[in-house]
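Participant: Residue numbers -24 to -1, 1 to 343, in mature numbering (1 follows the signal peptide of the UniProt record, and there is no 0), belong to the letters of the sequence shown in order.
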Amino acid sequence: MKISKNQSLKLLLMLCTICSSVCYSDKADPTLNLNNSHKLIELASAHIVSRAIHIAALIKVADHLIDGPCNIYDLANKTHTNENALYRLLRLLASNGIFHESENRFFSLTPLAELLVSSYPNSLQAWLANHDGDEKRWRSYGHMQYSIETGKPAFNHIFGQGYFNLIAQDPKLAVSFDEGMRNLSEKEDQAIANCYNFAPYKNIMDIGGGKGGLLTAIVKLNPFMQGIVYDLPHVEISAKAYLAQQNIEQSITWQSGSFFEQIPLGHDLYILKRILHDWDDELCIKILSNCRAAMNNTSKLIIIEAIVSSGNTRDFSKDVDLAMLVIFGGKERTKIEWESLLDAADLKLVNIQQTQSMLSILEVVIK
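#1: Just reading off the alpha helix (DSSP H) that Q221 is part of, what are its end residues?
#2: Quick check: what's the CA-CA separation for Q329 versus N47?
#3: Rounded to whole angstroms, what is the Cα-Cα separation between L264 and E77?
#4: Let's test the definition: count the other Cβ atoms within 10 Å of the Cβ of D182 and tell me whether it reaches 16, buried, or not, exposed.
#5: I need the DSSP call for T229, collapsed to helix, strand or coil.
#6: For F131, collect the residues of the same chain with a Cβ closer than 6 Å to its Cβ; drop the 5 residues on either side in sequence, then sort them by chain order.
#7: For the beta strand (DSSP E) that Q137 lies in, which residues bound it at each end?
#8: Taking only three categories from DSSP, how would you classify I283?
#9: In or out: S123 buried (at least 16 other Cβ within 10 Å) or exposed?
#10: Straight-line CA distance for D319 to G185?
#11: Over the uninterrupted alpha helix (DSSP H) stretch that includes F83, give me the two end residues.
#12: From A89 to H23, what does the alpha carbon distance come to, in whole angstroms?
#13: Over the uninterrupted alpha helix (DSSP H) stretch that includes N170, give me the two end residues.
#14: Nearest-angstrom Cα distance between I29 and G305?
#15: Where D291 and A269 are concerned, what is the direct C-alpha to C-alpha distance, given to the nearest angstrom?
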């Protein structure tokens, strides 16, 4: 059987294509396959770096570098740690841009490490040491499989009750939680106060507002305004102390209560910041329905939360979403999920405004 010149060329091209696909596939190239293996192992081991950050925050090593570089021997003495072990911890963090190592095992601060200095503005030290790094949270992450199999929080499964119930019974844990959240929120609060137009509103209620950090940032920019922080009774003492320290007691008052029971009537603007992501859809609808009952035709509700991006886009809110499931049974939500939730409570999303943080401002009115 004779093969034409044209058929020979086609056959040659086909063979070249096959060879090319074999030569450049990951399976055929052990180097590429090995690189992928290393990448997956590194991702799977990310908990080591995160735990190292928590420990560095807990022992306050950054506080001892405010005045300049320090050698590992002195750092170990000041932090009451083992010199060699501390060096290995800081070496790991320095390789990730947290601290800088120079000759003779001297370490200094970097922009990321400055966030671990407890006295610095916008410090994350308390949040990383006492909240995100809390042992109970880490035990819960170790039981993530339970949450994936059941859709329920592993925290409740391990400790026999919900996170917020435990806080209400444990003053030390409550203080750590409140301090950690304040630590995290300060920069966010200022960004929100700066970017959103609060001027049209004379009377604002921050539902679940903790110590009142967000309202403080808002009222300082809008001194004619009156604000009310609405939160659980165990927060009251620390909140009033914080407001007194801010010298803002005449503009912001405190009212205790539960957003699951009722929300006070008669305010121009209601705020829910980082509240709804702690709860499942059913409980969120209850909170939102209580907001709806408190609102009149001219009232507005703003929900300050993350909006999860769709598709394969890298989005930190997807990390937080899984943490919300494991610890609280809550979730981060997409725009469509927010609209569905609001619709169930007879509310309507009318606008979304981005902030300089990972949070967005969802403007909501009565349907």
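The beta-carbon is built from N, C-alpha and C at its ideal position, and this holds for glycine as well.
Facilitator: Answer, in terms of the structure:
#1: Element bounds for Q221: 212 to 221.
#2: Distance between the alpha carbons of Q329 and N47 is about 47 Å.
#3: 50 Å
#4: buried
#5: Looking at T229 - three-state DSSP - the assignment turns out to be strand.
#6: S116, Y139, I303
#7: Taken as a continuous stretch (DSSP letters only), Q137 belongs to no beta strand (DSSP E), as it is neither H nor E.
#8: Assignment of I283 by DSSP, reduced to helix, strand and coil, places it in the strand class.
#9: buried
#10: 24 Å
#11: Here F83 belongs to no alpha helix (DSSP H); instead the beta strand (DSSP E) covers 82 to 84.
#12: Their backbone Cα atoms lie some 18 Å apart in a straight line.
#13: 147 to 171
#14: If you take the alpha carbons of I29 and G305, they lie about 25 Å apart.
#15: CA-CA distance, D291 to A269, rounds to 34 Å.
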